[in-house]
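Positions 1 to 47 (the UniProt record's numbering) are the ones given, in order, by the sequence shown. Backbone N, C-alpha and C define an ideal beta-carbon position, used for all residues, glycine too.
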Amino acid sequence: MTEKQPFYITTPIYYPSGKLHIGSAYTTIACDVLARYKRMMNHDVFI
């Protein structure tokens, strides 16, 4: 059995200084999809 490789994902800090926009949702969803893929490829994922 091979050892799991660590994989780190960082996201921006969302500031409540204005209205929410699609960019916030896109970043969150893209990171979630990438994390799920890396977990399927046997990585330890840290968000």
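Helix, strand or coil, according to DSSP, for Y8 in the structure here?
As a working note, residue 8 is residue 8 in the sequence shown. Residue state, collapsed to three classes: strand.
May I have the straight-line CA-CA distance separating Y15 from H21, to the nearest angstrom?
Locating residue 15 in the sequence shown gives position 15, counting from the first residue. Locating residue 21 in the sequence shown gives position 21, counting from the first residue. Cα-Cα distance, rounded: 12 Å.
Which residue wins for smallest C-alpha separation from D32, given the options E3, Y8, K19 and S17?
As a working mapping, residue 32 is identified with position 32 in the sequence shown. Checking every option, the nearest Cα to that of D32 belongs to Y8.
Please list the segments of the beta strand (DSSP E) lying wholly inside the UniProt domain "Methionyl/Leucyl tRNA synthetase" (7-46), counting only runs of 3 or more residues, in order along the chain.
If we require 3 residues or more, the beta strand (DSSP E) runs fully inside the UniProt domain "Methionyl/Leucyl tRNA synthetase" (7-46) come out as 43-46.
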